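First up is the structure itself, then whatever we jot down about it.
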Amino acid sequence: MKKPSIILSLLATVFLLAGNLFFSQPVAAAETHTVYLHKEAEKPNQTGQSLLKEKQGINGAEFTVIDITHFVRTHSTSHEEALEQAKSVTKAEVADLAIGQAVPNRLGMEVVAKGRTAQMEVPNKQGQNESVDGVLKLALAKKNKSHDASYLFIETDSVSQAAPSDSIIMHFPIEDEFNNAVPDEAVHVYSKNDSLLIIPTEPKIEKKLAEDHADFIYGEAINYEINVTIPIPISSYQYFKVIDTPDPALTADLKSVKIVDQKGQAIDSDIYQVSAKENGFVVDFVPSKLVAYQDTQLKILYQLSIKAGAAPDTLYYNKVLLQYNDSLKDQEQTSTSKEVLTGGYHFIKVDESNHESKLKDATFVVKNKEGNYLTSEYEWKKSDEPANDEALLKLVSNQEGLFEVKGLAYGTYQIEETIAPDGYRRLQKPIDFKIEKNTYEAGKTTGALEVVNSKLPNTGGGGTNNDVPAAGGSNTTYTASNISRRLPSTGEKILDFGILGGLLILIVFVVYGFRKKQQQGNN
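According to mature numbering (1 follows the signal peptide of the UniProt record, and there is no 0), the sequence shown holds residues -29 to -1, 1 to 494 in order.
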C-alpha cells in the first residue's frame, strides 16, 4: 500500500511543476526613463558676482547614483526627515562603492549607476540634438517594486575647474512646474550651487618671421617664431597641438625646433612631442603637463629654408594652425607670417660686332662682394682657381646665348667668365649685376643683361680663347679691339718687305737730289 502513495505523491509534484511551467506569467522588466544629468557652473564677472544666465558645462565630474526608494518609503519618521537624512550621505560613504552595492549603515540605499560628465548630443526643447558639455546620460527605473522610485545624485569626484555640486534628489513620476506629470520623454536634471573656481581663458597663436629682411639664398636658415598662449584650464583639454604648414617651396628643420617659456628657458621635453608632417612639423602638447604655463606664452623657435629650384620673385607664405578640443568641441585657429622670397638674374651672351649673333657654351662663376664664390650647394667659399674649382656653381650659356642665376638674396654680385665661346676671347674683367625686387621677372620681359665677346684674330688655324685680355662692362659689355699686333719671340727672324721697299725709295730720292744739286753747281 505504500508504493501507490509514493507514486501518487510524485505524480502530484510533476503536475504541479508542469502547471507552473505552462501557466505561470513572465515577470515584467522594470520600465526605465532616460535622464540627462547636467553639471553647470556659473561664470563670475570681473567684480566676482555671478552672471545668472551665463553658465559653462563642466566635463570630467563623476556622479554616483543611489536608489533611495526603500529608505524613503520605509523610514520610521516622516518623509521629510527621510529626505534630509538621504541628503546627508557624503561622497566618502559611496565613492568606492560599485554598482549593485548597498550603502553601509544606510538600510534601503543601493548604488545603481556611476559615470562622468562629458560632451554629448542632447535633445533640446525643439527635439533637435545639439552638442552639450557637462552631461551624464542615465537610464533609471521608474519604479522599485511597487513604489515610484527615488534617486540621490552625489558628486563623488570633482575637477579643479569648478566647485562640487550639492547632492540632488529626484522622484518619479516627474512633474512640471504645474505639478503635471511629464510624458515619457527625456528628463533633464541640473546641478545646484556650482561655481567656477577658475575663470577660463581662450588660447591664442601668432606666427612671425624673426628676421629683419625677407629675401634669402637657397638653403639659408630662416628664423621663425610662434607665440602660443596657454589657456585656463588647460587640464580639461582633450588635445592641444601646433601644426606648421609651410609653402611647398619651404622646408622645416626639425632639429632646430625649440620651445621656451617667457623667461627664455627651455621647457621639459616630456611636455610635448615633435614629429614631421610633409615639409612642416607638428608639436603635440600633453595638456595635463601644461598647467604650470596657464595664462602665459610659450615660444616655438625654429628654422625654415627655401628649397633649391624655387622660383625667384615669388612670395612664399607660412601658415601655422592651433588645433585643440576644450572638452566642448574641436576648434582651430590660424596665423600666417610675413612672406619670404629669393631673387635671380638673366644674362645673354652675344657677339661684339653683331648682337644678333648669340654665343653658346660660355661658362661663368658667381662672386659676392666679399670675394667669395657661389658653390653648387649655394654656399660661399674662397677659391684661388675658380676656373678649375669643381665645387663652384657653373652658369653656361645655351644655344640662344641665355643663362641665368637664381636663388640669391638681394644684393650686388659679379659673374666671371671661366670659358669663352669657341673662337672668342675670354673676358678678364668680372661683370657687375644687382639683384633687387623683380629683377628676375623683369629679365624675362625687358631683356637680359648682354655680355659681349670679341672674336680671336683669324690665323687660319683657330686660336685659344685666352690670347688677349678683354674688358667687361655693365649693361652692354664691350671687349677689346679685334686688331692684334703679333710680337716676335726671342731668336725669331722677320722679313718685312714693306719696310725694305720704303728704304730703297728713300735712298733713290736722296741720290737723285744730290746729283741734281751737283749739276746746278757746275752750270
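Every residue gets a Cβ at the ideal spot worked out from N, C-alpha and C, and that includes glycine.
Fair warning: this is a prediction, and the values are worked out from it, not measured in the lab.
| Asked | Found |
| --- | --- |
| Distance between G418 and D355 (C-alpha atoms, nearest Å) | 33 angstroms |
| DSSP bridge partner residues for E92 (one or two, in chain order) | S102 |
| Segment limits, beta strand (DSSP E) that includes G200 | The question names Gly, but residue 200 in the sequence shown is Thr. Where T200 is concerned, the enclosing beta strand (DSSP E) stretches over I193 to T200. |
| Where the alpha helix (DSSP H) through R44 begins and ends | T40 to R44 |
| N- and C-terminal bounds of the beta strand (DSSP E) containing T127 | S121 to D128 |
| Under 8 angstroms between C-beta atoms of S308 and L221 | no |
| CA nearest to the CA of V423, picked from I197, K58, N30 and E387 | E387 |
| Bridge-paired residues (DSSP) for A73 | E81 |
| Sequence-distant residues of the same chain with beta carbon closer than 6 angstroms to L68, five excluded per side | V82 |
| Buried or exposed by the 16-neighbour rule on C-beta atoms within 10 Å, applied to L398 | buried |
| Helix, strand or coil at V65 [DSSP, three-state] | helix |
| N- and C-terminal bounds of the alpha helix (DSSP H) containing H50 | H50 to K58 |
| The segment 57 to 74 in contact with the segment 98 to 112 per 3-pair CB rule at 8 angstroms | no |
| Y273 Cβ short of 7 angstroms to the ligand ADP heavy atom set | As far as ligands go, the structure on display features none, and thus does not contain the ligand ADP. |
| Straight-line Cα distance separating T313 from Q274 | 16 angstroms |
| Sub-8 angstroms separation of I170 and I230 beta-carbons | no |
| Bridge partner(s) assigned by DSSP for E303 | Q294 |
| Segment contact, 8 angstroms Cβ cut-off, at least three pairs: the segment 1 to 13 with the segment 101 to 113 | yes |
| Spatially closest choice to S193 from H184, I201 and T200, by CA coordinates | Before going further, note that residue 193 is Ile rather than Ser in the sequence given. I193 has its Cα closest to that of H184, out of H184, I201 and T200. |
| Alpha carbon of E361 to alpha carbon of D186, nearest angstrom | 27 angstroms |
| Candidates A133, K163, A66 and P144, of which the one nearest T127 by Cα | A66 |
| Residue nearest to L292 in terms of C-alpha spacing, selected from K178, A237, H317 and Y381 | K178 |
| Cβ-based neighbour list, I70, same chain, cut-off 7 angstroms, excluding 5 preceding and 5 following | V82, V83, A84 and K85 |
| Given 8 angstroms, three or more beta-carbon pairs between the segment 243 to 253 and the segment 328 to 345 | no |
| Residues near T383 in its chain [Cβ-Cβ closer than 7 angstroms; skip 5 each side] | K340, D403 and K405 |
| Exposed unless 16 or more other CB atoms sit within 10 angstroms - verdict on Q72 | exposed |
| Paired residues, beta bridge with K405 - DSSP | T383 |
| Residue range of the alpha helix (DSSP H) that includes A220 | First-last for A220: undefined, no H or E at that position. |
| The segment 117 to 127 contacting the segment 136 to 143, beta-carbon criterion three pairs below 8 angstroms | yes |
| Buried versus exposed, by CB contacts within 10 Å (16 or more), Y395 | buried |
| Inter-stretch contact (C-beta, 8 angstroms, three-pair minimum) for the segment 128 to 140 and the segment 31 to 41 | yes |
| Residue from V228, G378 and L269 with nearest C-alpha to P283 | G378 |
| Cα-Cα separation, K26 to A133 | 11 angstroms |
| Straight-line gap, Q268 to S207 (C-alpha atoms, nearest Å) | 18 angstroms |
| The alpha helix (DSSP H) enclosing Y243, as first and last residue numbers | Y243 -> not in any alpha helix (DSSP H); beta strand (DSSP E) instead, spanning Y243 to K248. |
| Backbone CA spacing between E421 and G190 [nearest angstrom] | 29 angstroms |
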